[in-house]
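Heads up, the sequence shown is in the working numbering, so the first residue is 30 and it goes up one at a time. From the three backbone atoms N, C-alpha and C, an ideal C-beta is built for every residue, glycine too.
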Amino acid sequence: MSRLCRKSKKARTLALLMGITIASASISFSGFTLQSNGNVSTKETTISAATQDYGLVDNVQDGVILHCWNWSYNNIKANMKLIAESGYSAIQTSPVTQPKDYAYEGVTELNVGIPDGCGASEGQWWKLYQPVSMNICDNGQSFLGTKSEFKAMCDEAEKYGVKVIVDIVANHMANITGWKNKLSDVSQQVGTYCNPDMLTDPTYWHINDIQCWFSDGRKDITQGTIGMPDLNTADKRVQNMVLGLLKECVDCGADGFRFDAAKHIETPADGDFGSDFWPTVINGIRNYADHDLFIYGEILNTVGDNFDIGNYTKYMSVTDNGTGDQILSTFRYKNAGSAASGNARYEAKKTVLWAESHDTYMGGPSYLATDKMVKGTWSVVAAKKDSTALYFARPYYSDQILKDEFGDKYPKSQVTPTNMGDVGTMTWSDPDVAAVNRFHNYFVGQEQCVSSSGNVVYTERGNSGVIIANMDGAGYVDIQANRMKDGYYTDQVSGETFTVSGGRIRGNIKDKDGIAVVYNSIQPPIRPSVAPSPTPSTQPSTSPSVAPSATPITGNVIYVKNEAGWSNVNCYMWNNGNDTNGSWPGTKMTYVGDNVWAYKMPANYQNVIFNNGSGAQTGDMTSPGSGYIFNNKTNSWSKYSTGSETPSESYKVYCKNTSNWSQVYCYMWNSSNDTIGSWPGVAMTYEGDNVWSVEVSKDYANVIFSNGSGSQTADLIYPGKGNIYNTGTNTWLPF
Numbered sequence: 030m031s032r033l034c035r036k037s038k039k040a041r042t043l044a045l046l047m048g049i050t051i052a053s054a055s056i057s058f059s060g061f062t063l064q065s066n067g068n069v070s071t072k073e074t075t076i077s078a079a080t081q082d083y084g085l086v087d088n089v090q091d092g093v094i095l096h097c098w099n100w101s102y103n104n105i106k107a108n109m110k111l112i113a114e115s116g117y118s119a120i121q122t123s124p125v126t127q128p129k130d131y132a133y134e135g136v137t138e139l140n141v142g143i144p145d146g147c148g149a150s151e152g153q154w155w156k157l158y159q160p161v162s163m164n165i166c167d168n169g170q171s172f173l174g175t176k177s178e179f180k181a182m183c184d185e186a187e188k189y190g191v192k193v194i195v196d197i198v199a200n201h202m203a204n205i206t207g208w209k210n211k212l213s214d215v216s217q218q219v220g221t222y223c224n225p226d227m228l229t230d231p232t233y234w235h236i237n238d239i240q241c242w243f244s245d246g247r248k249d250i251t252q253g254t255i256g257m258p259d260l261n262t263a264d265k266r267v268q269n270m271v272l273g274l275l276k277e278c279v280d281c282g283a284d285g286f287r288f289d290a291a292k293h294i295e296t297p298a299d300g301d302f303g304s305d306f307w308p309t310v311i312n313g314i315r316n317y318a319d320h321d322l323f324i325y326g327e328i329l330n331t332v333g334d335n336f337d338i339g340n341y342t343k344y345m346s347v348t349d350n351g352t353g354d355q356i357l358s359t360f361r362y363k364n365a366g367s368a369a370s371g372n373a374r375y376e377a378k379k380t381v382l383w384a385e386s387h388d389t390y391m392g393g394p395s396y397l398a399t400d401k402m403v404k405g406t407w408s409v410v411a412a413k414k415d416s417t418a419l420y421f422a423r424p425y426y427s428d429q430i431l432k433d434e435f436g437d438k439y440p441k442s443q444v445t446p447t448n449m450g451d452v453g454t455m456t457w458s459d460p461d462v463a464a465v466n467r468f469h470n471y472f473v474g475q476e477q478c479v480s481s482s483g484n485v486v487y488t489e490r491g492n493s494g495v496i497i498a499n500m501d502g503a504g505y506v507d508i509q510a511n512r513m514k515d516g517y518y519t520d521q522v523s524g525e526t527f528t529v530s531g532g533r534i535r536g537n538i539k540d541k542d543g544i545a546v547v548y549n550s551i552q553p554p555i556r557p558s559v560a561p562s563p564t565p566s567t568q569p570s571t572s573p574s575v576a577p578s579a580t581p582i583t584g585n586v587i588y589v590k591n592e593a594g595w596s597n598v599n600c601y602m603w604n605n606g607n608d609t610n611g612s613w614p615g616t617k618m619t620y621v622g623d624n625v626w627a628y629k630m631p632a633n634y635q636n637v638i639f640n641n642g643s644g645a646q647t648g649d650m651t652s653p654g655s656g657y658i659f660n661n662k663t664n665s666w667s668k669y670s671t672g673s674e675t676p677s678e679s680y681k682v683y684c685k686n687t688s689n690w691s692q693v694y695c696y697m698w699n700s701s702n703d704t705i706g707s708w709p710g711v712a713m714t715y716e717g718d719n720v721w722s723v724e725v726s727k728d729y730a731n732v733i734f735s736n737g738s739g740s741q742t743a744d745l746i747y748p749g750k751g752n753i754y755n756t757g758t759n760t761w762l763p764f
């Protein structure tokens, strides 16, 4: 079992109970008391300031993990502050061993691959899971970096209280053609970079005719091939090679390990073909390390033959892919009831959950889910008690792969590949995801209640917190309170106030992806900072030339004069309610010729950052409005003339008149003091069912609805087209 207290290592310190220093005193919080143990060393009772600062937890099983899939060590290091700010208590690297065919026939390709449900075999990602060495690659043939860069990344993680989990491939090594348990199928690179004897000595391998898919029998699962040469994990030489790799990682600062294909490695309980691999390797590295390690194994679906999962969990935590896969499916098809019933199959304290994994994304169906669906799923799995959860950092935003939420895909030829080593997306640090992570850390150990109402699934923790996910997106919710005490609570995503009274939870979800994280934190919300400039890949990517758009961009348009030479220009915008136009780095702008890029702005989005998606960006700016152009070399705005005016498109503003006013007026204005008319504004038109509307053709940021005779709303921020204001509930709803 994982030890619960963390021993000191170098400057490492133990973080306990929200960063309060304990020497020999008793300290009380919220009705419980922590009594120090006089036998514990001073180092063990020193509180980690870094962990305190970011609300992280010391035991990885209690926190959440960011899977920095294919990121270089330098890029993980560069993002470490943002990772901590976003509430991740641990990160997971890709396998650190030398990958197969790094330079195939003398050429190194860098593209990750584009998800297709079949493994994206045209990319390079899979090579990391076919190792040709059993040490940290340090000969330049790695997509991730050098051993010294790995150590520097671990040192940086320590500064912020973030643990480092290393992905280990110990079941197999690299093949030549695959699906043969024969010496002739062992890659020659294994002999070059690991041990030449492994090319001639069959006792290093399971040499047989067994394929893992023959049956669910334990012998087929553990002694057969999964496509690569299967290591004889009962052999002491193999065990010592694996243990040596783990020790090397620990010496560099690693805090734990994930074992790839763990169910394909036998246990002592496997009878005639059982072995002591797990007790030898796991106990060996725990005894070697001078600090506690978090270790888990990849167990997909079942372990076969009704085998007791306890034969694995006595050594490590395990993945439960079924729960996350099922909940993600419910978000794709909007079945909140099924999402609420998705519970971990194993003991929660030994379980790792996810919304998706690198396998389900690159070789399975999860790439057909939008980023919104993944975040909704994350809000459910990461809200669960006792389980840890792994957030997979996608290499692509869903709108780069999918045309719509129904899974209609762009042809691969239209998708610009992400490179190995690069940080492909920033959704993992979005405010709603970060708020979910901090909620998970805040409510460690408190009971849960998962419920649903319509298309809303929500998880209450203790009696003072709830995460709400509305599959329909933003909007007002009125749901049953099962555990929450009466009172006023703050949505840590938007700052909106939610009310719990009379057994109901009521409030307005402002997050466009439909997530509210509702509790009263002791600390003010940590707003994740903007991502740092990434370290380029080993080889520069070649950007294709961009042809001007043949379709004119009209309406509420903003422009960039790209004199800084960016290969792409993105526009990231947000309004005063913290709604954004998408995940960082925003929406790719359209090239219209003469080094000018254009973007049609959403109504009433005032704040903007232009960037190239690879680290270069402007500061936070206020847009002067439609028809202006920003020069990214001189950092200056000016009026832009396209040769013809581009008036804003007309749109309707709606009001649900539940106040029974005989006439409804709409008064609107913007920051330039343009108004829709003199007070009380324009008389709205009745459309039936208490709905009133007015058509406007200019962009306004604020609105007041009134009856023109003294009854009126407060000054409201107009959230944009597609919303209606209810005068009875004083809320905006999608319409």
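Spatial neighbours of residue i in its chain, beta-carbon cut-off 6 angstroms, leaving aside the 5 residues before and after
{"i": "residue 298", "result": "340"}
{"i": "residue 253", "result": "239, 240 and 241"}
{"i": "residue 19", "result": "Shown here, the chain extends from 30 to 764; a query on residue 19 therefore has no answer."}
Assigned exposure category for residue i - 16 Cβ within 10 Å defines buried
{"i": "residue 609", "result": "buried"}
{"i": "residue 147", "result": "exposed"}
{"i": "residue 302", "result": "exposed"}
{"i": "residue 268", "result": "buried"}
{"i": "residue 316", "result": "exposed"}
{"i": "residue 708", "result": "exposed"}
{"i": "residue 266", "result": "exposed"}
{"i": "residue 117", "result": "buried"}
{"i": "residue 185", "result": "buried"}
{"i": "residue 106", "result": "buried"}
{"i": "residue 756", "result": "buried"}
{"i": "residue 442", "result": "exposed"}
{"i": "residue 545", "result": "buried"}
{"i": "residue 509", "result": "exposed"}
{"i": "residue 57", "result": "At residue 57 the pLDDT is 32, less than 50, meaning the model places this residue with poor confidence; the figure from the coordinates comes in the next sentence. Exposed is the call here."}
{"i": "residue 568", "result": "Confidence at residue 568 is low in this model, with a pLDDT of 41, below 50, so the placement of that residue should be treated as unreliable; the coordinate-derived value is given next. Its Cβ having fewer than 16 others within 10 Å, residue 568 is exposed."}
Segment limits, alpha helix (DSSP H) that includes residue i
{"i": "residue 281", "result": "265-281"}
{"i": "residue 105", "result": "102-107"}
{"i": "residue 308", "result": "306-317"}
{"i": "residue 407", "result": "400-410"}
{"i": "residue 513", "result": "Counting along the chain, residue 513 falls outside any alpha helix (DSSP H), and DSSP gives it neither H nor E."}
{"i": "residue 358", "result": "350-361"}
{"i": "residue 320", "result": "No alpha helix (DSSP H) contains residue 320, which DSSP labels as neither H nor E."}
{"i": "residue 291", "result": "Per DSSP, residue 291 belongs to no alpha helix (DSSP H) and is neither H nor E."}
{"i": "residue 366", "result": "365-369"}
{"i": "residue 430", "result": "427-430"}
{"i": "residue 391", "result": "387-391"}
Residue i beta carbon near the ligand ZN (any heavy atom closer than 7 angstroms)
{"i": "residue 319", "result": "Among the components modelled here there is no ligand, and therefore nothing to report on the ligand ZN."}
Sub-8 angstroms separation of residue i and residue j beta-carbons
{"i": "residue 518", "j": "residue 549", "result": "yes"}
{"i": "residue 604", "j": "residue 635", "result": "yes"}
{"i": "residue 92", "j": "residue 585", "result": "no"}
{"i": "residue 412", "j": "residue 465", "result": "yes"}
{"i": "residue 115", "j": "residue 457", "result": "yes"}
{"i": "residue 360", "j": "residue 386", "result": "no"}
{"i": "residue 764", "j": "residue 696", "result": "no"}
Cβ-based neighbour list, residue i, same chain, cut-off 8 angstroms, excluding 5 preceding and 5 following
{"i": "residue 703", "result": "727 and 729"}
{"i": "residue 491", "result": "472, 475, 476 and 512"}
{"i": "residue 161", "result": "126, 127, 128, 129, 202, 203, 216, 218, 219, 221, 222 and 223"}
{"i": "residue 180", "result": "281 and 282"}
N-terminal and C-terminal residue of the beta strand (DSSP E) that residue i is part of
{"i": "residue 397", "result": "That residue, residue 397, is in no beta strand (DSSP E); it is neither H nor E in DSSP."}
{"i": "residue 12", "result": "Coverage of the chain is limited to positions 30 through 764, which leaves residue 12 absent and any answer about it impossible."}
{"i": "residue 538", "result": "533-538"}
{"i": "residue 377", "result": "Taken as a continuous stretch (DSSP letters only), residue 377 belongs to no beta strand (DSSP E), as it is neither H nor E."}
{"i": "residue 339", "result": "Residue 339 -> not in any beta strand (DSSP E); alpha helix (DSSP H) instead, spanning 339-342."}
{"i": "residue 18", "result": "Past the boundaries of the shown model lies residue 18; the chain is included only from 30 to 764, so the question cannot be answered."}
{"i": "residue 619", "result": "619-622"}
Chain-order list of residues whose beta-carbon lies under 7 angstroms from that of residue i (same chain, five-residue window excluded)
{"i": "residue 277", "result": "164 and 165"}
{"i": "residue 618", "result": "589, 598, 599, 600, 626, 627 and 628"}
*Mind listing, in chain order, the continuous beta strand (DSSP E) runs of no fewer than 3 residues lying wholly within the segment 159-247?*
192-197
*Report the residue ranges of all alpha helix (DSSP H) runs contained in full by the segment 442-483; include only those spanning at least 4 residues, in chain order.*
460-471
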